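Trainee: The following block contains the structure, expressed as structure tokens.
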Amino acid sequence: MWTQFQALDLKTGQVAWTTECGVNIGMAMLPQKLSDGRDVIVTGRGGGHGPPEKPLGISLVDLKDGSTLWTLPLANFNATQTFGIRNDQVHFFYGTNHLSVDCLSGKIVKEVSISENIPTRLWNNGERITSIETPGKSGKGRNITQTSNLLVGPWNYFRHYKKPWLGRVNVDTGTVEYLEMPLQLSRAPGKKDVLLWHDPDAEGKMEAQTIVPNEMKNSRGLVVFDDKRSTGNGWGHIGSPSPSVAGKHLYIPTMTGTVYVIDWNAETLDENTVVAINDLGLAGKSYQRGSLSFANGKIFAHTIQELICFGK
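So for the sequence shown, my numbering puts the first residue at 203; every next one is plus one.
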């Protein structure tokens with residue numbers, strides 16, 4: 203009845219172990235290492251559509267045998283995110299807060315609000331302004347876009363759930379920042395780049411605002427479509443591709459094919475933190491749900507129509 207995490211022997215394909223605890227089917231688990239050398243993963247339970255695994259919350263699992271080292275119950279928890287470990291603490295989001303939990307004891311050691319009095323760099327009538335914002339509770343049991351977060355260095359980056367904001371929490375100091383991002387890029391040969399910014403006065407939801415809606419046609423011209431959110435800009439109520447890191451850059455893809463490239467270790471989260479905004483193809487034809495991968499100095503991606511390799 204439950205989803206569980208399993209290890210396979212690479213040589214034989216046989217099951218080596220199965221976790222004692224249940225896991226949420228919508229989360230990505232990252233193998234990580236504690237200071238004492240143990241290889242572990244953090245897994246969780248809870249989210250949309252009534253997943254049955256209990257108790258809601260997170261568990262630390264020993265990758266040697268799949269045993270549960272500890273479990274932290276969290277009421278109304280949404281586990282569809284990544285759980286990064288730094289200095290033997292696991293860092294993640296719980297509703298309107300960011301939590302840090304001791305990996306040895308399973309106890310909460312720090313709690314920081316991501317919804318009250320946050321310095322935010324906004325786009326306002328063609329100019330950037332700094333404002334102290336209180337976005338408040340977003341509902342649906344989550345305040346970040348699902349699977350949009352990644353811990354890199356001291357920064358836990360994430361995308362806001364209801365606003366086109368890139369956010370980050372410094373897990374060492376507890377500081378939180380937001381930066382408004384354009385919803386979509388359209389770039390075509392011989393034409394000027396177009397950036398679409400959120401218009402709060404426009405009719406309809408933020409995620410429906412697009413330069414060109416995704417046509418949802420695969421490489422054979424067949425329409426692959428069953429959810430109206432797929433035609434949107436990749437912000438709002440969706441499950442996003444997880445960001446990924448190569449060197450000093452954080453790559454944040456959206457389902458339209460727009461990719462934001464961030465200097466992840468910048469001192470301040472502002473427009474200068476954005477190294478580039480690029481794309482995986484023509485707007486409307488580049489729907490994708492995958493993270494970027496890296497090997498041998500190249501970047502690999504895929505869209506609904508193409509497999510792509512970037513390199514010299």
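Glycine included, C-beta positions come from ideal geometry on N, C-alpha and C. All values derive from a computational prediction rather than experimental measurement.
Taking C-alpha atoms, which residue in F502, N280, F295 lies nearest to N358?
Mentor: Residue F295 is the option with its Cα nearest to N358.
Trainee: Could you work out which residue in W204, K365, K393, G376 is closest to P254 when comparing CA atoms only?
Mentor: Minimum Cα distance to P254 is reached at W204.
Trainee: Does the contact criterion of 3 or more C-beta pairs under 8 Å hold for the segment 320-330 versus the segment 270-279?
Mentor: No: the two stretches stay apart, fewer than three of their Cβ pairs being nearer than 8 Å.
Trainee: Could you compute how far the alpha carbon of F496 sits from the alpha carbon of G449?
Mentor: Looking at the two C-alpha atoms, the distance is approximately 10 Å.
Trainee: Taking the alpha-carbon positions, what's the H293 to S261 distance?
Mentor: Going from the Cα of H293 to the Cα of S261 covers about 13 Å.
Trainee: Starting from A209 and walking both ways along the beta strand (DSSP E), at which residues does that stretch end?
Mentor: First-last of the beta strand (DSSP E) with A209: 208-210.
Trainee: According to DSSP, I316 sits in a beta bridge with which residue or residues?
Mentor: Per DSSP, none; premise fails for I316.
Trainee: Less than 9 Å between the C-beta atoms of H504 and G513, yes or no?
Mentor: No.
Trainee: Leaving out the 5 sequence neighbours to the left and right, which residues in its chain are closer than 6 Å to S502 when beta-carbon positions are compared?
Mentor: According to the sequence as given, residue 502 is Phe; it is not Ser. Only S495, C511 meet the Cβ criterion.
Trainee: Grab the span of the beta strand (DSSP E) containing G431 for me, first residue to last.
Mentor: What sits at residue 431 in the sequence shown is Arg, not Gly. Taken as a continuous stretch (DSSP letters only), R431 belongs to no beta strand (DSSP E), as it is neither H nor E.
Trainee: Would you check if the distance between the CB atom of Q411 and the CB atom of G441 is smaller than 9 Å?
Mentor: No, the pair does not count as a contact, with Cβ atoms beyond the cut-off.
Trainee: On the three-state DSSP scale, how would you describe T475?
Mentor: Note: T475 maps to helix in three-state DSSP.
Trainee: Does the separation of the CB atoms of G499 and L482 fall below 9 Å?
Mentor: Cβ distance not < 9 Å, so G499 and L482 don't count as in contact.
Trainee: Shortest alpha-carbon distance to V242 belongs to which of A478, F285, V477?
Mentor: Considering only alpha carbons, the answer is F285.
Trainee: With H, G and I counted as helix, E and B as strand and the rest as coil, what does DSSP make of A390?
Mentor: In the structure shown, A390 sits in coil (DSSP, three-state: anything other than H, G, I, E or B).
Trainee: Could you compute how far the alpha carbon of S446 sits from the alpha carbon of E382?
Mentor: Between S446 and E382, the C-alpha separation is close to 20 Å.
Trainee: Going by DSSP, what residue range makes up the beta strand (DSSP E) through T245?
Mentor: First-last of the beta strand (DSSP E) with T245: 241-247.
Trainee: Provide the residue span of the beta strand (DSSP E) that contains A218, from first to last.
Mentor: 217-220 is the span of the beta strand (DSSP E), which, as asked, contains A218.
Trainee: In its own chain, which residues sit with a C-beta less than 6 Å from the C-beta of S388, not counting the 5 before and 5 after it?
Mentor: Cβ within range, chain order: V396, I413, A485.
Trainee: When you compare each of I310, V463, S315, G308 to H300 by their alpha carbons, which one comes out closest?
Mentor: Closest option to H300, Cα to Cα, is S315.
Trainee: Just to confirm, are D374 and N280 a CB contact at a threshold of 9 Å?
Mentor: No, they are not a contact pair.
Trainee: Does the beta-carbon of L353 have 16 or more other beta-carbons within 10 angstroms, so that it is buried, or is it exposed?
Mentor: Result: buried.
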